[in-house]
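Input: a single structure, listed below in structure tokens.
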DNA sequence: AAAGCGGTCAACCGCCAATCA
DNA sequence: TTGATTGGCGGTTGACCGCTT
């Protein structure tokens, strides 16, 4: 016998949450706290899996969640933390108040990862892809990055890229 | 005007570690 | 000690939207 499913699949709603469901979940948690996620849907009158409720609450409905675009400082923090922690999104989120692991993961995969690739930085190892970095490590254009160790070079490239962004050259 | 395409992001899935009985 | 249960995590999916052709 395998592990029992987290919820009875019959009669359990899936897909996007409705405003009514959001309201029910929010009101229930504000009154009782989450308690046991498995029993919460029944108690709150929701036809949802407990897992789905927990995800909806922690990723979207929690009152301390900061919505909207990531600032450049946040983006820089994510890059630096990712270079140390790797794909430990929850650990990264714990260091960015108001941001969820899901949000950071999405932002990484859709924005930062591609940006690093464009910069010639491997998004997994954070090491410069030297085969692609002829322009970036050119001593004339970026003398610090050209001379430094790998770690310092990454930081230098981030600073270099920041200046380019500020100058609207990218 | 509409079909195709790529980007975005909310939500789901499956796995694992911690906890409980 | 062990098997069941629960919560949490990272990876992936798919619906939606805007842009291009």
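Numbering (the UniProt record's numbering), first residue to last: 1 to 170.
Beta carbons are placed, not taken as given, at the ideal position from N, Cα and C, and that holds for glycine.
Computed from a predicted structure; not experimentally measured.
**Report entry** DSSP three-state assignment for residue 41, whether helix, strand or coil
**Finding:** Three-state DSSP puts residue 41 in a helix.
Requested in this report: Mark residue 19 as exposed unless 16 or more other C-beta atoms lie within 10 angstroms of its C-beta, in which case mark it buried.
Outcome: It counts as exposed.
Query raised in the report: With 16 other CB atoms within 10 Å as the buried threshold, where does residue 139 fall?
Result: Because residue 139 sits at a pLDDT of 47, beneath the cut-off of 50, its placement in the model cannot be relied upon, and the following sentence gives the value as read from the coordinates. Result: exposed.
Query - Per-residue burial, residue 75 [other beta carbons within 10 Å of its own, 16 or more giving buried] - result: Looking at its Cβ environment, which holds 16 or more other Cβ atoms inside 10 Å, residue 75 is buried.
Query - Range of the contiguous alpha helix (DSSP H) that encloses residue 113 - result: Annotation for residue 113: the continuous alpha helix (DSSP H) segment containing it runs 113-119.
Requested in this report: Mark residue 48 as exposed unless 16 or more other C-beta atoms lie within 10 angstroms of its C-beta, in which case mark it buried.
Outcome: Result: buried.
Requested in this report: Put residue 19 into one of helix, strand or coil per three-state DSSP.
Outcome: Three-state DSSP puts residue 19 in a helix.
Requested in this report: With a 10 Å radius around its C-beta and 16 neighbouring C-beta atoms as the bar for buried, classify residue 100 as buried or exposed.
Outcome: Looking at its Cβ environment, which holds 16 or more other Cβ atoms inside 10 Å, residue 100 is buried.
Query raised in the report: What residue from 112, 54, 72 has the CA that sits closest to residue 82's CA?
Result: It is 112.
Query raised in the report: Does the Cβ-Cβ distance between residue 104 and residue 121 come in under 8 angstroms?
Result: No. Outside cutoff.
Requested in this report: For my contact list, residue 102 and residue 59 are in at a C-beta cut-off of 8 angstroms; report their separation, rounded to the angstrom.
Outcome: Contact between residue 102 and residue 59 holds, with the beta-carbon distance rounding to 5 angstroms and staying under 8 angstroms.
Report task. Starting from the N-terminal side, write out each stretch of the alpha helix (DSSP H) that is 4 residues or longer and does not extend beyond the UniProt domain "Myb-like" (62-112). Result -> With a minimum length of 4 residues, the continuous alpha helix (DSSP H) runs that stay inside the UniProt domain "Myb-like" (62-112) are 72-85, 89-94, 101-107.
Requested in this report: Please report the residue range of the alpha helix (DSSP H) in which residue 55 lies.
Outcome: It spans 50-56 - the alpha helix (DSSP H) in which residue 55 sits, taken as one unbroken run.
Requested in this report: Starting from the C-beta of residue 95, find all residues in its chain whose C-beta is less than 8 angstroms away, skip the five residues before and the five after it, and write them out in chain order.
Outcome: Close CB contacts of residue 95 within its chain, under the 8 angstroms cut and outside five residues either way in sequence, are with 77, 81 (chain order).
Query raised in the report: What are the partner residues of residue 128, as DSSP defines its beta bridges?
Result: 121.
**Report entry** For residue 125, the nearest candidate out of 79, 110, 89 (CA to CA)
**Finding:** Closest option to residue 125, Cα to Cα, is 79.
**Report entry** Rounded C-alpha distance that separates residue 16 from residue 108
**Finding:** Taking the CA atoms as reference points, residue 16 sits about 23 angstroms from residue 108.
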